[in-house]
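> In this note's numbering, the protein residues as written are 415 to 664. Beta carbons are placed, not taken as given, at the ideal position from N, Cα and C, and that holds for glycine. Just so it is clear, the structure is predicted and the values come from calculations on it, not from any experiment.
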Amino acid sequence: MKVDILASGSAGNCIALTTAGKTILIDAGIAKTKIEKRLLEVAIRPDSITAIFITHAHGDHTKGLPLANKYGIPVYATVGEWKGISGVDERLRRTLETRYGDYEPSYLGGVTVYPFHTHHDSYEPVGYAIEPDIGPRACVVFDTGKLDNDMLAMMEGSIYIIEANHDRDMVAESNYPDSVKARVLSDLGHLSNEQTAAALTELIRGSGEQIYLTHLSSSNNMPTLAEATVKAALRRKGFLEGTHYHLEVV
Ligand SMILES: [Zn+2]
Ligand SMILES: [Zn+2]
């Protein structure tokens, strides 16, 4: 699977996953023209995108959705999140359906996308596991205030694209209003470096898994800090970066 992180952070998030001859975008949170430019930089033609899957309707995940209309790309989102998304042509809207509380997977020919519930202050946010018929699977977990066991079960695989949003102390000491601090730190906010590190110690088996730490806060985190926190947690489990797993902070 080819992973291209086209954008990551509070200014916008967009990931291109290419596998089984298909490219899928997870979120489109930067301007359409920027997505087009960055796709071309990694040798992907915008008109070759198979589908866009949206985690939730916040602007840093949906700003570039006019891309879908321009190239006729189907857009998948939950019933709840569609309430917060406008401007996508009716013919391109696809709704992720649930059955007994779990989401139905979307089969796109050679690759299946499994949505799963996340915890964030939007209507019905999800993360995604992307699984080709042959080859490694990937999971994408952006904005979520916590990780539960159902999520961990869905995430298990070999490529982890996961939020490491903030350092709790930096948030507490920041000049954010108390209401914003509380929101970020709540179960419906964002993952701290420590939360992400704890989840990865559950998930990593030391088989060379690839980790991408994403959606870092520009004011309440530092790439070196996020990296050090995750590496220290995994070292305690006996796993070394470069030997047992690979880590990239985006
Ligand atoms: Zn959000
Ligand atoms: Zn976000």
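#1: Please list, following the chain, all residues that have a C-beta closer than 5 Å to any non-hydrogen atom of ligand 2.
#2: Quick check on the DSSP output: the beta strand (DSSP E) that includes T366 runs from which residue to which?
#3: Roughly how many whole angstroms lie between the Cα atoms of L522 and I463?
#4: Could you tell me the alpha carbon to alpha carbon distance between F364 and T643, rounded to whole angstroms?
#5: Judging by CA-CA distance, which residue of L510, G494, A482 is the nearest neighbour of D503?
#6: Taking buried to mean at least 16 other C-beta atoms within 10 Å of its own C-beta, is D601 buried or exposed?
#7: Taking the CB atoms as reference points, tell me whether G620 and H660 lie closer together than 9 Å.
#8: Between the Cα of E608 and the Cα atoms of L561, M568, M565, which residue gives the shortest distance?
#9: Cβ atoms of A465 and I487: under 9 Å apart, would you say?
#10: So which of P519, N427, G559, P546 has the shortest CA-CA distance to K436?
#11: Tell me, please, which residues DSSP counts as bridged to I625.
#12: Looking at ligand 1, does it come within less than 8 Å of H533, judged from the CB to the closest heavy atom?
#13: For R505, list the residues DSSP reports as bridge partners.
#14: Could you pull the DSSP bridge partners for G541 from this structure?
#15: Ligand 1 and S600: does any heavy atom of the ligand fall closer than 8 Å to the residue's C-beta?
#16: To the nearest whole angstrom, what separates the beta carbons of T532 and T509, a pair I think is in contact under 8 Å?
#17: Do I575 and A552 have their beta-carbon atoms positioned less than 9 Å apart in this structure?
#18: Using DSSP's beta-bridge definition, name the partner residues of F467.
#19: So the candidates are T469, I419, A578, M565; which of them puts its Cα closest to the Cα of L617?
#20: Whose C-alpha, out of A425, G603, P529, N634, is nearest the C-alpha of G473?
#21: Please classify F630: does DSSP put it in a helix, a strand, or coil?
#22: Relative to ligand 1, is the shortest distance from any of its heavy atoms to the C-beta of K539 smaller than 8 Å?
#23: Does the distance from the C-beta atom of T628 to that of F530 stay below 9 Å?
#24: Would the beta-carbon of H580 be found less than 8 Å away from any heavy atom of ligand 1?
The short version:
#1: Having a Cβ closer than 5 Å to some heavy atom of ligand 2 are D474, D557.
#2: Outside the displayed span of the chain (415 to 664) sits residue 366, for which this structure offers no information.
#3: The straight-line gap from Cα to Cα measures roughly 12 Å.
#4: Past the boundaries of the shown model lies residue 364; the chain is included only from 415 to 664, so the question cannot be answered.
#5: For D503, the nearest C-alpha among the options comes from A482.
#6: Classification of D601: exposed, given that the 10 Å Cβ count is below 16.
#7: No, they are not a contact pair.
#8: Taking each of L561, M568, M565 in turn and checking the Cα distance to E608, the smallest one comes out for L561.
#9: Between I487 and A465, the CB-CB gap stays under 9 Å.
#10: The shortest C-alpha to C-alpha distance from K436 to any of P519, N427, G559, P546 is the one to P546.
#11: Answer is Y574, L661.
#12: The answer is no for H533.
#13: None, per the DSSP bridge assignment.
#14: In the DSSP assignment, the residues bridged to G541 are F530.
#15: Answer for S600: no, Cβ out of range of ligand 1.
#16: No, T532 and T509 are not in contact; Cβ-Cβ is about 17 Å, not under 8 Å.
#17: Contact: yes.
#18: DSSP links F467 through a beta bridge to I440, Y490.
#19: With distances taken between Cα atoms, L617 lies closest to M565.
#20: For G473, the closest C-alpha among the options A425, G603, P529, N634 is that of A425.
#21: Correcting the residue type first, residue 630 is Leu in the shown sequence and not Phe. DSSP, reduced to helix, strand and coil, places L630 outside both helices and strands of the structure shown, so it counts as coil.
#22: Looking at the sequence itself, residue 539 is Pro, so the reference to Lys does not match. Yes - ligand 1 has a heavy atom lying nearer than 8 Å to the Cβ of P539.
#23: Cβ atoms of T628 and F530: not closer than 9 Å.
#24: H580 Cβ: outside cutoff for every heavy atom of ligand 1.
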